[in-house]
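Take a look at the structure set out below.
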Amino acid sequence: ELFPFGPGHGDQELEAGDDRVSPALELRRPLRFFDKSGIDSVYVTTNGIIAMSEPPAKEISPGFFPPTFGAVAPFLADLDTTDGLGKVYYREDLSPSVTQLAAECVQRGFPEVPFQPSSVVVVTWESVAPYQGPSKDPDQEGKRNTFQAVLASSDSSSYAIFLYPEDGLQFYTTFSKKDESQVPAVVAFSQGAQGLFWKSEGAYNIFANDRESIGNLAKSSNSGQQGVWVFEIGSPATASGVVPSDVSLGLDDGAEYDDEDYEPVTQLDLEDNSTTPFPHEARGRGDPDTHSGPRVLAPRRLPTERLPRPPTERTRLFQPPAETFPRQPVQVIDVDEVEETGVVFSYNTDFRQTCANNRHQCSVHAECRDFATGFCCSCVAGYTGNGRQCVAEGSPQRVNGKVKGRVFVGNSPVPIVFENTDLHSYVVMNHGRSYTAISTIPETVGYSLLPLAPVGGIIGWMFAVEQDGFKNGFSITGGEFTRQAEVTFVGSPGKLIIKQQFSGIDEHGHLTIDTELEGHVPHIPFGSSVHIEPYTELYHYSRGVITSSSSREYTVTGPE
């Protein structure tokens, strides 16, 4: 047998073709994935993915990663079984022999963890071909890949086992329908989009995404057995990302290495912001240490994984490479004198991609440059932004969006509810000034919302006048991020939560924003005016998150 897990009794076969998705495989025993439990069905695709929910039609073909659905990807690529030679088999197996075999694989990778699965999902991609596109590559003619993924679950945790037989991988790239070029396969996990109304990108891990690392899958290991890779994918320890095994493959375990393959590999602490050549180690269950060994595929922790922090905003740069928010000293922005802003921001990619395959990640007003650790988008002269989104320097900017709310005013037990209300903002970039208005707010709540400068204040941070060596919010985020603010009124019960989704520049050249207000505000009489004193906003930049805080004083003048 090619694999110890089969194919076996009860296997279902995926329909032959390109970009195929199986019907739901209903599980008799649910599995855990990241921090979610009770997943009772999975879907299998031709393209090397096991999905935790049905993939949207537009995401079936490989392209942008991470997808919006939860995904386990032992070899994500544009694969083809149209000719009927390649097959994809899948099943859930509760037999003692298979569950015990899975337990042995997991315990080999995590010897300190007692684990006995009650259910095993086995998916086998056998002799699948690369999709070659309109102009077939003669070098890939007749080449086939065979690999297997196993999801083993107990009541408290789940593990993934990837198996790549020797000589099982004959190609490492496939033709991308999206990029219209050859792109490497990807080995990865994605939590999928999180939230109901306010969607945000979940955690994800990419463990291989270039020819070298894909080529190492069959001849190396993270579990001590050649071609076998083990990952903890569902438990309290995986809320912010999967945990790879970290058992070295000894030289007598079947792998062969050239002398040039030997080099030190340093395990990085999560606070280490330096770039390092691939590979480097991701976090495990034990304390990090430094060791040497053969050059092998090593999992990496990407900086976009959700960190165990309060639910503050997560700001997206361009994807890929994933964004990094290195630890920075606290910066102060004087909102009254926004042209003296002092926001310092730097990033690194640590993600081996090239402009050849990722030019579409950059704005049409940006240039792409390759570096040893990845590619970088930067706006051309006369434009400003983060490289993915660029706008003309000094040009007035318009921000459009919708506002919905559920707000309690004063001591009223009944909330004022409104939705589909227009927000418009006009920004004079050269002067560092923005003007924001929300139209058709109910009179019963409108005046009481006047102190809520934070709703539009974030736009001031976005387009603050930049000094040499400093960046405003748009240059950091490109206008693509999620923001949450908590507003507390001293001496007034309750608080107000502001949630905002910034979606970048639309086809009309306008920045788009959706806003939701929920909570309590003090009552301000109809016809009053509100004057807010100048204030200081304190911004703190840390890994994956930007936080800010301020105290504001305002004066209410009654209609009399």
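One point on numbering: in UniProt numbering, the residue at position 312 of the sequence shown is 312, and numbering is uninterrupted.
The C-beta atom is built at its ideal place from N, Cα and C for all residues, glycine as well.
Small disclaimer: the values here were computed from a predicted structure and weren't measured.
Check, Outcome
"Tell me the DSSP secondary structure of residue 146 in three-state form.", "strand"
"Can you have a look at residue 596 and say buried or exposed, based on whether 16 or more other CB atoms are within 10 angstroms of its CB?", "Outside the displayed range of the chain (1 to 560) lies residue 596, so it cannot be described from this structure."
"Can you tell which of 459, 15, 439, 550 has the C-alpha that lies nearest to the C-alpha of residue 128?", "15"
"Does DSSP put residue 385 in a helix, in a strand, or in coil?", "strand"
"Touch check for the segment 538 to 546 and the segment 492 to 509: three-plus C-beta pairs under 8 Å?", "no"
"Alpha carbon to alpha carbon, how far is residue 515 from residue 438? Give it in angstroms, no decimals.", "11 Å"
"Using beta-carbon positions only, say whether residue 556 and residue 521 come within less than 8 Å of one another.", "no"
"Does the contact criterion of 3 or more C-beta pairs under 8 Å hold for the segment 203 to 210 versus the segment 182 to 193?", "yes"
"Buried or exposed for residue 472, please, with buried defined as at least 16 other CB atoms from any protein chain shown within 10 angstroms of its CB.", "buried"
"What first and last residue would you give for the beta strand (DSSP E) that runs through residue 549?", "545 to 549"
"Would you identify the three-state DSSP class for residue 51, choosing helix, strand or coil?", "strand"
"Just how far apart, CA to CA, sit residue 548 and residue 66?", "28 Å"
"Which whole-angstrom value is the C-beta distance of residue 27 and residue 40, which I expect to be below 8 Å?", "5 Å"
"Kindly identify the DSSP beta-bridge partner or partners of residue 205.", "189"
"Out of curiosity, what's the CA-to-CA distance linking residue 8 and residue 60?", "27 Å"
"Going straight from the alpha carbon of residue 159 to that of residue 33, what length do you get?", "9 Å"
"Below 8 Å, how does it come out for the segment 439 to 454 and the segment 401 to 411: are there three or more Cβ pairs, yes or no?", "yes"
"Starting from the N-terminal side, write out each stretch of the alpha helix (DSSP H) that is 4 residues or longer and does not extend beyond the segment 72 to 140.", "96 to 109"
"Threshold first: 4 residues or longer. Then list the alpha helix (DSSP H) segments lying entirely within the segment 392 to 480, N to C.", "443 to 446, 454 to 462, 473 to 477"
"Please tell me whether, using a cut-off of 7 Å, the distance from the CB of residue 186 to the nearest non-hydrogen atom of the ligand MN is below it.", "With respect to the ligand MN, the structure offers nothing, as it holds no ligand at all."
"Out of 440, 519, 466, point me to the one whose CA is closest to residue 412's CA.", "519"
"Would you kindly work out how many angstroms separate the C-alpha atoms of residue 317 and residue 117, rounded to a whole number?", "In this predicted model, residue 317 has a pLDDT of only 27, less than 50, meaning its place in the structure is not dependable enough to derive any value."
"What is the rounded straight-line gap between the Cα of residue 383 and the Cα of residue 4?", "57 Å"
"Rounded to whole angstroms, what's the CA-CA distance from residue 462 to residue 122? Just pull it up for me.", "48 Å"
"Pick helix, strand or coil for residue 495, following the three-state DSSP scheme.", "strand"
"Which stretch, first to last residue, makes up the beta strand (DSSP E) that contains residue 366?", "366 to 371"
"Any idea if residue 299 is buried or exposed, counting beta-carbon neighbours within 10 angstroms, 16 or more meaning buried?", "The predicted position of residue 299 is uncertain, since its pLDDT is 35 and thus under 50; a value taken from the coordinates is nonetheless stated next. Residue 299 should be labelled buried."
"Would you mind giving the Cβ-Cβ distance between residue 38 and residue 73, rounded to the nearest angstrom? I have them listed as a contact below 8 Å.", "In fact, because the Cβ distance is near 22 Å, the residues do not count as touching under 8 Å."
"Would you kindly work out how many angstroms separate the C-alpha atoms of residue 343 and residue 470, rounded to a whole number?", "Model confidence at residue 343 stands at a pLDDT of 34, short of 50, so the residue's coordinates are unreliable; what they give is reported in the following sentence. C-alpha separation (whole angstroms): 6 Å."
"May I ask you to report which of helix, strand or coil DSSP gives residue 519?", "strand"
"With which residues is residue 508 paired in a DSSP beta bridge?", "According to DSSP, which records beta bridges pairwise, residue 508 is partnered with nothing at all."
"Which residues share a DSSP beta bridge with residue 13?", "89"
"Look at the Cβ atom of residue 126, then the Cβ atom of residue 177, and state whether they are nearer than 8 Å.", "no"
"May I ask which residues mark the beginning and end of the beta strand (DSSP E) holding residue 376?", "374 to 379"
"Look at residue 78 and residue 174 and say whether their C-beta atoms are less than 8 Å apart.", "yes"
"So what does DSSP say about residue 611, is it helix, strand or coil?", "The chain is shown only over 1 to 560; residue 611 falls outside these bounds and no answer can be derived."
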